[in-house]
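K.L.:
Under the numbering used here, the first residue of the sequence shown is numbered 3, with each subsequent residue one higher.
Note that beta-carbon positions come from the ideal geometry of N, C-alpha and C, so glycine has one too.
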Amino acid sequence: MMFELYRNDSILAGNSVRDCLNAEIPYDGFSVCDYTGDDSSRVEECRRHLVEFCGVGMDEIVQCRQTHSADVYVLKQVGLPAEQRYGYDAIVTRLKNVVIGINTADCVPVVLFDEVAGVIATIHAGWRGAVAGIAVNALKKMVEMGAKVENVKGYFGPSIGECCFEVGEEVASCFPEEFVTRQEGEKPHVNLSGFVKRQLENEGVKAETLILNEKCTRCNQSRYFSARALGIESGRIFTFIMRR
């Protein structure tokens, strides 16, 4: 089961989380991220809705404290202190009935899965993590756990599009030129999701099994959280996957 929960999504029939929580911009919607300044009681309320929606316990909702690293957390059991997951930006597991998810607001969220081997992963790829190889590292961990690259499929959630991902030359120079657009008198723009997708393809994942959501978070900030539009202190999209 794969799912994304955006800032104005409802996970309760006929009842939007935005209305339910009466939150204020830039936290006006569903977010289970507890380290970007949102009110803790609002985050907990969203988590309770998520638990009910997924039919699991609180301990079965597993997230990491993301830091734009290239480190992958291998989840072998639930109930461990959250502090152990500090500094990881991807999760890989074979556990069933456990939600593994990542929080984004412009960065690229990716879920990968091998249905045959029963291995799943969630990945948070900002530009630093992408350049450092977070997606490739997660794929390699999946293989170590029994997945086969040729069986891996994936989905990319909404992220900032090339249209809005304006960067300085010091960032643009980290990417192959095919993923950089330059126009005279303007800063370069980077196709971040396209770059991450190509990294996985270069590792042997079939291009046709990697599905892109090409909606730009900054262009569609009424639906998606966008740090560039709302500021770093804002809610986060939650993208997750679970084995049944």
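1. Please state whether the Cβ-Cβ distance between Ile122 and Ile102 is less than 8 Å.
2. Taking Lys78 as the reference, which of Val64, His126, Gln185 has the closest Cα?
3. Please determine, among Met244, Glu188, Glu172, Phe32, the residue with the shortest C-alpha to C-alpha distance to Thr106.
4. Nearest to Trp129 by alpha carbon, out of Lys143, Phe167, Thr95?
5. Report the CB separation of Val151 from Gly206 in whole angstroms; it is logged as a contact under 8 Å.
6. Check whether the segment 227-235 touches the segment 88-99, taking contact to mean three or more Cβ pairs, one atom from each stretch, closer than 8 Å.
7. Can you have a look at Glu164 and say buried or exposed, based on whether 16 or more other CB atoms are within 10 angstroms of its CB?
8. Determine the DSSP secondary structure at Asp91, reduced to helix, strand or coil.
9. To the nearest angstrom, report how far apart Met147 and Glu46 are at their CA atoms.
10. Taking only runs that begin and end inside the segment 46-115, name each unbroken beta strand (DSSP E) of 3 or more residues, in chain order.
11. With H, G and I counted as helix, E and B as strand and the rest as coil, what does DSSP make of Glu188?
12. So, Val94 versus Thr241, is the Cβ gap smaller than 8 Å?
13. Closest to His126 by C-alpha separation, out of Lys199, Ser161, Asp41, Val110, would be which residue?
14. Can you tell me which of the three DSSP states Arg245 falls into?
15. Ser161 bridges to which residues according to DSSP?
16. Looking only at its own chain, which residues have a Cβ that is under 7 Å from the Cβ of Phe181, when we skip the five neighbours before and after it?
P.N.:
For this structure:
1. Here residue 122 is taken as the residue at index 120 of the sequence shown, counted from 1. Here residue 102 is taken as the residue at index 100 of the sequence shown, counted from 1. The answer is yes: Cβ separation under 8 Å.
2. Locating residue 78 in the sequence shown gives position 76, counting from the first residue. Checking every option, the nearest Cα to that of Lys78 belongs to Val64.
3. For the purposes of this step, residue 106 is identified with residue 104 of the sequence shown, where counting begins at 1. Taking only the C-alpha atoms, the option nearest Thr106 is Phe32.
4. Numbered from its first residue, the sequence shown carries residue 129 at position 127. Residue Phe167 is the option with its Cα nearest to Trp129.
5. To locate residue 151, count along the sequence shown from 1; it is residue 149. To locate residue 206, count along the sequence shown from 1; it is residue 204. About 4 Å separates the beta carbon of Val151 from that of Gly206, a gap short enough to meet the 8 Å contact definition.
6. no
7. On the sequence shown, residue 164 is found 162 positions in, with the first residue counted as 1. That one is buried.
8. Here residue 91 corresponds to residue number 89 of the sequence shown, with the count starting at 1. In the structure shown, Asp91 sits in coil (DSSP, three-state: anything other than H, G, I, E or B).
9. For the purposes of this step, residue 147 is identified with residue 145 of the sequence shown, where counting begins at 1. For the purposes of this step, residue 46 is identified with residue 44 of the sequence shown, where counting begins at 1. A direct Cα-to-Cα measurement between Met147 and Glu46 gives close to 32 Å.
10. 74-77, 92-95, 101-106
11. Residue numbering aside, residue 188 sits at position 186 when the sequence shown is read from its first letter. In this structure, Glu188 counts as coil in the three-state DSSP scheme.
12. Position 92 of the sequence shown holds residue 94. Position 239 of the sequence shown holds residue 241. For the 8 Å CB-CB criterion, Val94 and Thr241 do not form a contact.
13. In the sequence shown, residue 126 corresponds to position 124, counting from 1. If we check each option's Cα against that of His126, Val110 comes out closest.
14. Working through the sequence shown from its first residue, we reach residue 245 at position 243. In this structure, Arg245 counts as coil in the three-state DSSP scheme.
15. Against the sequence shown, residue 161 aligns to sequence position 159. According to DSSP, Ser161 bridges with Cys218.
16. Working through the sequence shown from its first residue, we reach residue 181 at position 179. Within its own chain, the residues whose Cβ lies closer than 7 Å to the Cβ of Phe181, once the five positions on either side in sequence are excluded, are Val192, Asn193, Gly196, Phe197, listed in chain order.
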